[in-house]
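A.B. asks:
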């Protein structure tokens, strides 16, 4: 019987190996060792994860309106002067089937690919938001019309899938899978700031919408792993359904924010103006940046 148990253990080990093979491979380069401070926090990678389902057009406009003041506050407050700013949606562009008419790159029509094309489904109008100074699918502080160009990328329309899966999008944005769509965005020596804007929780819904799958702890671990296992290298900001909103309370997202402790911050997506949220988020980002060099 002991031999049988040993065989079972071997089988379990094999299964674990298979699971490891299936795990996402994150594009983390050669990250600094977890807990090892950087010489300085001079770089920040901002990933905006924007719900593009049918209820989100007004929320996108509020985000766009608040962005210039947020970035001005970041530049005035943080020691960091080098920024990457990327946008992803909560679906895989299933409404933007790649073709010659809508301008969507076939290689980039998947979860987590950074947005550079502004495509209006209702009119068929296409606007290429780039080219951007760094040559990639993300903005930097060097782009001369940063607010206007962010507005182009962040107005992701409201014709996206009702199966919102923001954490699949985050996983894709931080992993090697969308490459070359996201080449150069994530840097191992930068603070990662994920900003999620959604009015719905990421969970299994009636009717078969599975969301991202996983749990808040799994999502937290995924983001930290993408930064070399250093929890100090990630900040998570969420505009979502708080108890103050009349619609869905996004309890799983709220739980995730709590896992980030001082590096997490959440506000109500139902507010008419997001300026106050982003003003209060600036010290969170600043403290997270300081923590990397202490």
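Numbering (the numbering used here), first residue to last: 946 to 1239.
Backbone N, C-alpha and C define an ideal beta-carbon position, used for all residues, glycine too.
Nothing here was measured: the structure is a model prediction, and the numbers come from that model.
Tell me the rounded alpha-carbon separation between residue 1089 and residue 1168.
C.D. replies: Start at 1 with the first residue of the chain shown, and residue 1089 comes out as number 144. Start at 1 with the first residue of the chain shown, and residue 1168 comes out as number 223. C-alpha separation (whole angstroms): 30 Å.
A.B. asks: Secondary structure at residue 1051, three-state DSSP: helix, strand or coil?
C.D. replies: Reading the chain shown from its first residue, position 106 is the one you call residue 1051. If DSSP states are grouped into helix, strand and coil, residue 1051 belongs with the helices.
A.B. asks: Just confirm the distance between the C-beta atoms of residue 1109 and residue 1079, as a whole number of angstroms; I'd bet it's less than 8 Å.
C.D. replies: To locate residue 1109, count along the chain shown from 1; it is residue 164. To locate residue 1079, count along the chain shown from 1; it is residue 134. Not quite, the Cβ-Cβ distance comes to about 29 Å (not below 8 Å), so this is no contact.
A.B. asks: Note down the Cα distance separating residue 1198 from residue 1026, rounded to an integer number of angstroms.
C.D. replies: Counted from its first residue, the chain shown places residue 1198 at position 253. Counted from its first residue, the chain shown places residue 1026 at position 81. Taking the straight line joining both Cα atoms gives about 30 Å.
A.B. asks: Considering only the alpha carbon of each residue, which of 1219, 1182, 1196, 1073 lies closest to residue 1206?
C.D. replies: Looking up residue 1206 in the chain shown gives position 261. For residue 1206, the nearest C-alpha among the options comes from 1182.
A.B. asks: Hey, could you find the ends of the beta strand (DSSP E) residue 1231 is sitting in?
C.D. replies: Within the chain shown, the letter at position 286 stands for residue 1231. Here residue 1231 belongs to no beta strand (DSSP E); instead the alpha helix (DSSP H) covers 1220–1237.
A.B. asks: Taking DSSP as the reference, what is the three-state secondary structure of residue 1101?
C.D. replies: On the chain shown, residue 1101 is found 156 positions in, with the first residue counted as 1. The answer is coil: DSSP assigns residue 1101 none of H, G, I, E or B.
A.B. asks: Between which residues of its own chain and residue 1056 is the CB-CB distance below 6 Å, once the five residues before and five after are set aside?
C.D. replies: Stepping through the chain shown from its first residue, residue 1056 is reached at position 111. These residues qualify, in order along the chain: 1037, 1113, 1114, 1117.
A.B. asks: Check this for me: beta carbons of residue 1008 and residue 1165, under 8 Å apart or not?
C.D. replies: The count along the chain shown starts at 1 and reaches residue 1008 at position 63. The count along the chain shown starts at 1 and reaches residue 1165 at position 220. Not in contact: residue 1008 and residue 1165 (Cβ atoms no closer than 8 Å).
A.B. asks: Provide the residue(s) that pair with residue 1029 in DSSP beta bridges, ordered along the chain.
C.D. replies: Residue mapping note: residue 1029 aligns to position 84 of the chain shown, counting from 1. Bridge partners of residue 1029: 990, 1085.
A.B. asks: Is it right to say residue 1192 is buried, meaning 16 or more other beta carbons lie within 10 angstroms of its own, or is it exposed?
C.D. replies: Counting from one through the chain shown, the residue named residue 1192 turns up at place 247. Under this definition residue 1192 is an exposed residue.
A.B. asks: Look up residue 1021 in the DSSP assignment and say whether it is helix, strand or coil.
C.D. replies: As a first step, residue 1021 must be located in the chain shown, where it is residue number 76. Here residue 1021 sits in helix by DSSP.
A.B. asks: According to DSSP, is residue 1091 part of a helix, a strand, or is it coil?
C.D. replies: Position 146 of the chain shown, counting from 1, holds the residue named residue 1091. Residue state, collapsed to three classes: helix.
A.B. asks: Report all residues from its chain with a CB closer than 8 Å to the CB of residue 1204; omit the five preceding and five following residues, and keep chain order.
C.D. replies: Along the chain shown, read from residue 1 onward, the residue named residue 1204 stands at position 259. Excluding positions up to five away in sequence, the list reads 1161, 1162, 1165.
A.B. asks: Starting from residue 1171 and walking both ways along the alpha helix (DSSP H), at which residues does that stretch end?
C.D. replies: The residue you call residue 1171 lines up with position 226 of the chain shown. Where residue 1171 is concerned, the enclosing alpha helix (DSSP H) stretches over 1161–1171.
A.B. asks: Could you say which of 987, 988, 1028, 1001 lies nearest to residue 1141 if we only look at CA atoms?
C.D. replies: Taking the chain shown and counting its residues from 1, one reaches residue 1141 at position 196. Closest by alpha carbon: 1001.
A.B. asks: Around the Cβ of residue 1024, are there at least 16 other Cβ atoms within 10 angstroms (buried) or fewer (exposed)?
C.D. replies: Counted from its first residue, the chain shown places residue 1024 at position 79. Exposed.
A.B. asks: Under the DSSP definition of a beta bridge, which residues are partnered with residue 1181?
C.D. replies: What you label residue 1181 is simply residue 236 of the chain shown in a count that begins at 1. Looking at the DSSP assignment, residue 1181 forms a beta bridge with 1139, 1209.
A.B. asks: Check residue 999 in the structure and name its three-state DSSP category.
C.D. replies: Working through the chain shown from its first residue, we reach residue 999 at position 54. Residue state, collapsed to three classes: coil.
A.B. asks: What is the DSSP secondary structure of residue 1196, reduced to helix, strand or coil?
C.D. replies: Sequence index remark: in the chain shown, residue 1196 carries index 251 (1-based). The answer is helix: DSSP assigns residue 1196 an H, G or I state.
A.B. asks: Count the other CB atoms within 10 Å of the CB of residue 1004; is the residue buried (16 or more) or exposed (fewer)?
C.D. replies: For the purposes of this step, residue 1004 is identified with residue 59 of the chain shown, where counting begins at 1. Per the 10 Å Cβ criterion, buried.
A.B. asks: Any idea what DSSP makes of residue 1014, helix, strand or coil?
C.D. replies: Here residue 1014 refers to the residue found at position 69 of the chain shown. Looking at residue 1014 - three-state DSSP - the assignment turns out to be helix.
A.B. asks: With a Cβ-Cβ cutoff of 8 Å, do residue 1227 and residue 1101 count as a contact?
C.D. replies: Position 282 of the chain shown holds residue 1227. Position 156 of the chain shown holds residue 1101. No, they are not a contact pair.
A.B. asks: By how many angstroms is the C-alpha of residue 1138 removed from the C-alpha of residue 1125?
C.D. replies: Numbered from its first residue, the chain shown carries residue 1125 at position 180. Numbered from its first residue, the chain shown carries residue 1138 at position 193. Their Cα atoms are separated by approximately 21 Å.
A.B. asks: How would you call residue 1111, buried or exposed, if buried means at least 16 neighbouring beta carbons within 10 angstroms?
C.D. replies: Stepping through the chain shown from its first residue, residue 1111 is reached at position 166. Burial call: buried.
A.B. asks: Can residue 1209 be considered in contact with the ligand HEM, in the sense that its beta carbon sits closer than 7 Å to one or more heavy atoms?
C.D. replies: With respect to the ligand HEM, the structure offers nothing, as it holds no ligand at all.
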